[in-house]
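Below is one structure, written out as structure tokens, with a few remarks after it.
Right under this line is the structure:
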């Protein structure tokens, strides 16, 4: 076999390295975006659906935090209107009570960002007292907008 | 989520176009057997520069169109705004360098290089501060 066929000149080698680096960065970026998009895919759990989840079942809910006391969170469940708009219920609804556990991971933010007024998606398991034992908190403030639900109240 | 995807993909497209654009002068500088003049061979560099600006503008547009900006790191947003303006400035300097009769080529090339370095730094800061 003629070894001359496989000789790569300096210019071709530079282009090959450049294209390989470009492809690697593109794959890394696309993968990162898709992973984050998957993490950001928000729940569409209504108040009645959340209330009917049986103990031991997994649940996800988007809430606006009204109280943060240590590991205990209380918030108002928000209803999804679109990917980026969530509605506050027009009527008073029972708060979602959740507990942060040692397994809780915080996505798209830091644990210090979990505070009153922040919009989060809580994911976890409902316990016997209908408290959400949280294993994932996604900080959504900045990515979703909260509006007041209109038309239901007299 | 669509807004996030549009914003993220347009942003990373801008980064890849910018990176490709800055690599072009080094890739096209010495092409053995090239018949065209250096400034003519540099057309991918010019177009990547223009496309970088448009991708960055689209990225800013998608980000500001419907997102609630109050949760964003404002320093990162300002850094991105400055970077967008500097890219526009860089296009202006590049257009001056495209003229074959340009007498101040050495100084302008230095300016273009350091502007590129500034934009690269601003982009890195923006990604670090505003990446979810």
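Protein chains in written order, with our numbering: chain A, 4 to 157; chain B, 8 to 139. Glycine included, C-beta positions come from ideal geometry on N, C-alpha and C.
The beta strand (DSSP E) spanning residue 72 (chain A) covers which residue range?
Its beta strand (DSSP E) spans residues 61 to 72.
Is there a Cβ of chain B sitting closer than 8 Å to that of residue 10 (chain A), yes or no?
Taking Cβ atoms only, chain B never reaches closer than 8 Å to residue 10 (chain A), which makes this a no.
Please list, in chain order, the chain A residues whose beta carbon lies closer than 8 Å to that of residue 12 (chain B).
Correct list: 36 and 40.
Can you give the beta carbon distance from residue 86 (chain B) to residue 60 (chain B), rounded, assuming they're within the 8 Å contact cut?
The beta carbons of residue 86 (chain B) and residue 60 (chain B) sit about 17 Å from each other, so the pair does not count as a contact at 8 Å.
Who are the near neighbours of residue 46 (chain B) in its chain, counting only those whose CB is closer than 7 Å to its CB and skipping five residues on each side?
105 and 107.
The alpha helix (DSSP H) that contains residue 118 (chain A), what's its start and end?
Careful: residue 118 (chain A) lies outside any alpha helix (DSSP H) and carries neither H nor E.
Buried versus exposed call for residue 79 (chain B) [16 or more other C-beta atoms within 10 Å across all chains shown]
It counts as buried.
Which chain A residues sit within Cβ distance under 7 Å of residue 34 (chain B)?
Within chain A, the residues near residue 34 (chain B) are 17, 18 and 21.
If we cut at 8 Å on Cβ distances, does residue 130 (chain A) have a partner in chain B?
Between residue 130 (chain A) and chain B, the shortest Cβ-Cβ separation is not below 8 Å.
So, does the CB of residue 67 (chain B) fall closer than 8 Å to a CB anywhere in chain A?
The beta carbon of residue 67 (chain B) does not come within 8 Å of any beta carbon belonging to chain A, so the residue lies off that interface.
Residue 41 (chain A): which of A:148, A:88, A:138 and A:110 sits nearest, CA to CA?
Looking at A:148, A:88, A:138 and A:110, the one whose alpha-carbon comes closest to that of residue 41 (chain A) is A:110.
Through-space distance from residue 65 (chain A) to residue 138 (chain A), alpha-carbon basis:
Residue 138 (chain A) and residue 65 (chain A): Cα-Cα distance of roughly 14 Å.
I think residue 11 (chain B) touches residue 43 (chain A), with their Cβ atoms under 8 Å apart; what is that distance to the nearest whole Å?
The distance from the Cβ of residue 11 (chain B) to that of residue 43 (chain A) is about 6 Å, consistent with a contact at the 8 Å cut-off.
Buried or exposed, going by whether 16 or more other CB atoms sit within 10 Å of the CB of residue 157 (chain A)?
The predicted position of residue 157 (chain A) is uncertain, since its pLDDT is 41 and thus under 50; a value taken from the coordinates is nonetheless stated next. In summary, residue 157 (chain A) is exposed, with fewer than 16 beta-carbon neighbours lying within 10 Å of its beta-carbon over all protein chains present.
Of the residues B:25, B:33 and B:14, the one placed nearest residue 17 (chain A), counting alpha carbons only:
The shortest C-alpha separation from residue 17 (chain A) is found at B:33.
Identify the continuous alpha helix (DSSP H) that holds residue 13 (chain A) and give its terminal residues.
Its alpha helix (DSSP H) spans residues 13 to 43.
Where does the unbroken beta strand (DSSP E) through residue 112 (chain A) begin, and where does it stop?
Unbroken run through residue 112 (chain A): none, as it is neither H nor E.
I'd like to check one pair, residue 70 (chain A) with residue 140 (chain A): are the Cβ atoms closer than 8 Å?
No, these two residues do not count as a Cβ contact at 8 Å.
Measuring alpha carbon to alpha carbon, tell me which residue in A:117, A:102, A:115 and A:89 is nearest residue 148 (chain A).
In terms of CA proximity to residue 148 (chain A), A:89 leads the group A:117, A:102, A:115 and A:89.
With respect to the alpha helix (DSSP H) encompassing residue 20 (chain B), which residues constitute its N-terminal and C-terminal limits?
In the DSSP annotation of this structure, the continuous segment of the alpha helix (DSSP H) that includes residue 20 (chain B) starts and ends at 9 to 35.
Quick check on DSSP: helix, strand or coil for residue 174 (chain A)?
Given that chain A is displayed from residue 4 to residue 157, the structure contains no residue 174 (chain A) and the question cannot be resolved.
Specify the secondary structure class of residue 130 (chain B) as computed by DSSP and reduced to three states.
Looking at residue 130 (chain B) - three-state DSSP - the assignment turns out to be helix.
Segments of 3+ residues assigned as beta strand (DSSP E) that fall wholly inside the segment 69 to 106 of chain A
Whole beta strand (DSSP E) segments, 3+ residues: 75 to 80 and 88 to 91.
I'd like to know whether the C-beta of residue 76 (chain A) is nearer than 8 Å to at least one C-beta of chain B.
Using beta-carbon distances, residue 76 (chain A) does not count as an interface residue toward chain B, since no partner is under 8 Å.
By the three-class DSSP mapping on this structure, what secondary structure does residue 139 (chain A) have?
Residue 139 (chain A): strand per DSSP, three-state reduction.
From the DSSP output, in three-state form, read off residue 97 (chain B) for me.
Reduced to three states, the DSSP call for residue 97 (chain B) is helix.
Taking residue 48 (chain B) as part of the alpha helix (DSSP H), name the residues at either end of that continuous run.
Element bounds for residue 48 (chain B): 45 to 48.
Which stretch, first to last residue, makes up the alpha helix (DSSP H) that contains residue 51 (chain A)?
Residue 51 (chain A) -> alpha helix (DSSP H) spans 50 to 54.
Since residue 109 (chain B) is in the beta strand (DSSP E), which residue starts that stretch and which ends it?
In the DSSP assignment, residue 109 (chain B) falls outside any beta strand (DSSP E) and carries neither an H nor an E.
If residue 127 (chain A) sits next to residue 136 (chain A), beta carbons under 8 Å apart, how far is it from one beta carbon to the other, in whole angstroms?
So it is a contact: roughly 5 Å between Cβ atoms.
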